[in-house]
Amino acid sequence: MQPLSGVRKYRGLGLALAFLTMLATSQASANGEIGAHVNNLKEHLDQYTEEVSWLVGKFGGVVDTYEKQGKEAAHSDSMIEYWEEVDFHAAIETHYVPVYAKIWQGIFGVKQAIDNGASIAKVREEQAKLDRALWQALGAVKLAAQYQQKGLLAKVQTTAAEPTTAPETLEDIKHRLDRVVAKYAEQLPEAATTIVHDTYLQRFEGVEGALIEQDADLVEDLEKDFNVTLPKALEGQASVDDVRKVVEAMQAKLDRAKALLVKAENNRKDVF
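Here the sequence shown is numbered in my numbering, starting from 2 and rising by one per residue.
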């Protein structure tokens, strides 16, 4: 792979959010095959930079072909193949799922615009969004590499570690909801729905009792979100942005729930 020269590096404001997300997640995990490189990001930053430049060039080539020869010649399916070919795919998936979802959203934004015969201006607009997501992802991985070197990030595991406390469980639920958005962005709504159901049964139900003691109405709201609001959005072919809004609202409620549980635990310690 040869990187393209003169490609502008994108440094988005989302890096601060990336930092907070990474520290909030006690144990990173990934589905499918990943390489050891995800636990040694610093040594692979040059490779990731080259891969992002390569992807930008390849995606741009697909759009250029569409402009000159039409959608049949563009072979839009190749965009997915390019993305899944690089190691950077696993690096961003395991360290910052929200931007990982944005990349998938961007890929399908370009692909669907081409497949639908949209104007070249519209396709270029979608291409620009994808490029921004890629460079933002590279920035997030570089930031993760710094904190990984300082020992502030947990080692990536191929299977998720079981949380041991209620607050840890709520953080794990938030991370799983990020993966719901990612799977939906990959156009895998059934996989996204399965994550929602499993998360409710395997995680949320385990902390419901403690939460009901603190705020029964909040628990009722979250139950509705898990069983009605979010599944309905996934099944109703909502946009990725709309699904993300539902997830972000749920995560805000989970933050409130976590604060309540931490406060209750501190009060209990003060009593004893």
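Just so it is clear, CB atoms sit at the ideal spot from N, CA and C, and this is done for glycine as well.
message: For GLU266 and THR170, I'd like the C-alpha separation in whole angstroms.
response: About 15 Å.
- prompt: What is the DSSP secondary structure of GLY210, reduced to helix, strand or coil?
  reply: When secondary structure is reduced to three states using DSSP, GLY210 falls in the helix class.
- prompt: For PRO168, which residues of its own chain have a beta-carbon under 7 Å away from its beta-carbon, when the five flanking residues on both sides are left out?
  reply: Take PRO168, set aside five residues on each side of it, and the residues of its chain with a beta-carbon closer than 7 Å to its own are LYS259, LEU262, VAL263, in chain order.
message: If you follow the alpha helix (DSSP H) that LEU219 is in, where does it begin and where does it stop?
response: The continuous alpha helix (DSSP H) containing LEU219 extends over residues 217-225.
LYS69: first and last residue of the uninterrupted alpha helix (DSSP H) it sits in: It spans 46-70 - the alpha helix (DSSP H) in which LYS69 sits, taken as one unbroken run.
query: Span of the alpha helix (DSSP H) holding GLN203?
result: Counting along the chain, GLN203 falls outside any alpha helix (DSSP H), and DSSP gives it neither H nor E.
- prompt: Looking at C-alpha atoms only, which residue of ALA129, GLN147, TYR83, ASP65 is the closest neighbour of LYS43?
  reply: Sorting ALA129, GLN147, TYR83, ASP65 by C-alpha distance to the C-alpha of LYS43 places GLN147 at the top.
field: Neighbourhood of VAL142 by C-beta distance below 7 Å, restricted to the same chain and skipping five residues each side
entry: Cβ within range, chain order: LEU42, TYR49, ALA92, ILE93, HIS96.
query: Mind checking whether VAL53 and LEU135 have CB atoms under 8 Å apart?
result: Judged by their CB atoms, VAL53 and LEU135 are nearer to each other than the 8 Å cut-off.
task: Identify, in the order they occur along the chain, each residue of the same chain with its Cβ nearer than 6 Å to the Cβ of LYS112, setting aside the five sequence neighbours on each side.
output: Taken in chain order, the residues that qualify are SER77, MET80.
task: Report the option in VAL182, GLU214, ILE196 whose CA atom is closest to the CA atom of ALA102.
output: When only C-alpha atoms are compared, the closest one is VAL182.
query: Using DSSP with H/G/I as helix, E/B as strand and the rest coil, what is LYS151?
result: LYS151 falls in the coil class under three-state DSSP.
query: Hey, would you say HIS60 sits closer than 8 Å to GLN128, going by beta carbons?
result: The sequence shown places Phe at residue 60, not His. With respect to GLN128, PHE60 sits close: the two C-beta atoms are nearer than 8 Å.
- prompt: Taking Cβ positions, are VAL208 and LEU231 nearer each other than 8 Å?
  reply: If you check the CB distance, VAL208 and LEU231 do not come in under 8 Å.
field: Pairwise C-alpha distance: GLU249 and ALA31
entry: Residue confidence for ALA31 is low, a pLDDT of 43 falling below 50, so the modelled location carries little weight and cannot support an answer.
Straight-line gap, VAL220 to GLY152 (C-alpha atoms, nearest Å): So the alpha carbons of these two residues sit roughly 35 Å apart.
Three or more C-beta pairs below 8 Å linking the segment 83-90 and the segment 113-132: Here the segment 83-90 does not lie against the segment 113-132, with fewer than 3 beta-carbon pairs under 8 Å apart.
- request: Whole angstroms is fine: what's the gap from ASP173's alpha carbon to GLY71's?
  value: The straight-line gap from Cα to Cα measures roughly 45 Å.
- prompt: LEU154 to ALA37, Cα distance in whole Å?
  reply: Between LEU154 and ALA37, the C-alpha separation is close to 15 Å.
message: On the DSSP letters alone, give me the boundaries of the alpha helix (DSSP H) that TYR116 sits inside.
response: With the sequence shown as reference, residue 116 is identified as Asp, and Tyr is not the correct amino acid for it. Looking at the DSSP string, the run of the alpha helix (DSSP H) that includes ASP116 is 98-116.
Close-in-space but distant-in-sequence residues of the same chain around ARG180 (CB under 7 Å, 5 per side omitted): For ARG180, where only same-chain residues beyond five positions count, the Cβ hits under 7 Å are VAL98, ILE196.
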